[in-house]
Amino acid sequence: MPRSPETVDYIVYAPWSDMKDFSPFTGAKAVLNLWAGVESVIGNESLTAPLARMVDPGLTDGMVEWCVAHAMRHHLGIDRDVCRRDAVWDPYVPPLARDRPLTILGLGVLGRAVGEALSGLGFPVTGWSRSVKDVPGMTCHSGEGGLVEALGRAELLLLLLPLTPATEEIMNAERLALLPKGAVLINPGRGPLIDDDALLAALDSGHIAHATLDVFREEPLPGDHPFWGHPGITVTPHIASATRPDTAVGVIVENIRRGEVGEPLLHLVDRRLGY
Numbered sequence: 001m002p003r004s005p006e007t008v009d010y011i012v013y014a015p016w017s018d019m020k021d022f023s024p025f026t027g028a029k030a031v032l033n034l035w036a037g038v039e040s041v042i043g044n045e046s047l048t049a050p051l052a053r054m055v056d057p058g059l060t061d062g063m064v065e066w067c068v069a070h071a072m073r074h075h076l077g078i079d080r081d082v083c084r085r086d087a088v089w090d091p092y093v094p095p096l097a098r099d100r101p102l103t104i105l106g107l108g109v110l111g112r113a114v115g116e117a118l119s120g121l122g123f124p125v126t127g128w129s130r131s132v133k134d135v136p137g138m139t140c141h142s143g144e145g146g147l148v149e150a151l152g153r154a155e156l157l158l159l160l161l162p163l164t165p166a167t168e169e170i171m172n173a174e175r176l177a178l179l180p181k182g183a184v185l186i187n188p189g190r191g192p193l194i195d196d197d198a199l200l201a202a203l204d205s206g207h208i209a210h211a212t213l214d215v216f217r218e219e220p221l222p223g224d225h226p227f228w229g230h231p232g233i234t235v236t237p238h239i240a241s242a243t244r245p246d247t248a249v250g251v252i253v254e255n256i257r258r259g260e261v262g263e264p265l266l267h268l269v270d271r272r273l274g275y
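Each residue of the sequence shown is one higher than the one before, counting from 1 in my numbering.
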């Protein structure tokens, strides 16, 4: 028999849920989000209970593996051989990771994990975040001046920022122009971090060599969207990282335990910052 909303203590919330009105859940002690991103729910005025986002080992491992795979793909130019059908034997010497500067925007749990993995492979990794961070194996920057410096050396750029009013279209035409000519952009973060039209223009001009995109303003990506047919864009269907039940359940259970004994929740969202 369904419980009355006012008797519910915890809401495990899926962002794709149709539930938009939290006001009947007057006794809710917390809303436990199943995604790392909370932009779809954080502005809901009916949600007054504490909100925790999902950070779990499976989600992090998936993101690291996807990012490393695509960074290495572009670093080594693997597409030239995967797509080769001309029967031309054309040897070349692949570069070493130590010679390929790489920048990550966003140094939360996912950004740090990806940066540490790529640094471990030998890439010179620069990281940028809103606030000052110190991550082993990475050169860290913050603020507008730090962003300019981080972008200026990014032959490979990975976007792992949360979506907030401050980060929406952070990669606009002006900032895309700061990247070295021939840079590659990889976005497993959030689609609206990029100005789509500015990206297409940068690709068409040759300033950006390629963009691998896993997230988009509208999902599923409409069939008539120019990203699908552009030779300089790889589209993957929001698979860079997923909440996996076998690891996420432990985070949910731990947060409920914490809520019941009065301990601080894990991964509590700061509504002022938006993440």
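For each residue, glycine too, the CB sits at the ideal point set by N, CA and C.
It should be emphasised that the depicted structure is a prediction, and the values quoted were computed from it without experimental measurement.
Histidine 238 - DSSP class collapsed to helix/strand/coil: Start at 1 with the first residue of the sequence shown, and residue 238 comes out as number 238. Here histidine 238 sits in coil by DSSP.
Delimiting residues of the alpha helix (DSSP H) encompassing isoleucine 252: Locating residue 252 in the sequence shown gives position 252, counting from the first residue. Element bounds for isoleucine 252: 245-261.
Stretch-stretch touch, CB-based, cutoff 8 Å, three pairs: the stretch 87-97 with the stretch 177-184: no
Inter-residue CB distance, lysine 29 and alanine 14 (contact presumed, cutoff 8 Å): By one-based count along the sequence shown, residue 29 stands at place 29. By one-based count along the sequence shown, residue 14 stands at place 14. Not a contact, Cβ separation roughly 19 Å.
Secondary structure of serine 119, DSSP reduced to three states: Position 119 of the sequence shown, counted from the start, is the residue given in the question as residue 119. Correct three-state label for serine 119: helix.
Selection from His238, Cys83 and Gly77 that minimises the alpha carbon distance to proline 95: In the sequence shown, counting from the first residue as 1, residue 95 sits at position 95. Comparing Cα-Cα distances from proline 95 to each of His238, Cys83 and Gly77, the minimum goes to Gly77.
Residue(s) in a DSSP beta bridge with asparagine 44: For the purposes of this step, residue 44 is taken as the residue at position 44 of the sequence shown. Answer by DSSP bridge pairing: none, since asparagine 44 is not bridged.
Start-to-end residues for the beta strand (DSSP E) that takes in alanine 173: Position 173 of the sequence shown, counted from the first residue, corresponds to residue 173. Taken as a continuous stretch (DSSP letters only), alanine 173 belongs to no beta strand (DSSP E), being part of the alpha helix (DSSP H) at 173-176.
Inter-residue CB distance, tyrosine 10 and leucine 32 (contact presumed, cutoff 8 Å): Within the sequence shown, residue 10 is the residue found at index 10, counting from 1. Within the sequence shown, residue 32 is the residue found at index 32, counting from 1. Indeed, because the Cβ distance is near 6 Å, the residues count as touching under 8 Å.
Leucine 121 beta carbon near the ligand GTP (any heavy atom closer than 7 Å): With respect to small molecules bound, the structure shown includes none, and the ligand GTP cannot be examined in it.
Methionine 1, buried or exposed, once every other Cβ within 10 Å from all chains shown has been counted against 16: By 1-based counting over the sequence shown, the position of residue 1 is 1. At methionine 1 the pLDDT is 44, less than 50, meaning the model places this residue with poor confidence; the figure from the coordinates comes in the next sentence. It counts as exposed.
Per-residue burial, proline 162 [other beta carbons within 10 Å of its own, 16 or more giving buried]: Within the sequence shown, the letter at position 162 stands for residue 162. Classification of proline 162: buried, given that the 10 Å Cβ count is 16 or more.
Range of the contiguous beta strand (DSSP E) that encloses tryptophan 276: Only positions 1 to 275 of the chain appear in the structure, and residue 276 is not among them; the question remains open.
C-alpha distance - alanine 36 paired with threonine 60, whole-angstrom precision: On the sequence shown, position 36 is the one that residue 36 refers to. On the sequence shown, position 60 is the one that residue 60 refers to. Each residue's alpha carbon lies about 10 Å from the other.
Proximal residues to proline 5 (C-beta, below 6 Å), its chain only, five neighbours per side dropped: For the purposes of this step, residue 5 is identified with residue 5 of the sequence shown, where counting begins at 1. So the list reads Pro24 and Phe25, once near-sequence residues are dropped.
8 Å Cβ cutoff met for valine 38 and arginine 53: Along the sequence shown, read from residue 1 onward, the residue named residue 38 stands at position 38. Along the sequence shown, read from residue 1 onward, the residue named residue 53 stands at position 53. In this structure, arginine 53 lies closer than 8 Å to valine 38 by Cβ.
7 Å Cβ shell around proline 222 - same chain, five flanking residues per side excluded: Here the question's residue 222 lines up with position 222 in the sequence shown. Here the set comprises nothing.
Residue range of the beta strand (DSSP E) that includes alanine 211: As a working note, residue 211 is residue 211 in the sequence shown. Unbroken beta strand (DSSP E) run through alanine 211: 208-213.
Paired residues, beta bridge with isoleucine 11 - DSSP: Position 11 of the sequence shown, counting from 1, holds the residue named residue 11. In DSSP, isoleucine 11 forms a bridge with Val31.
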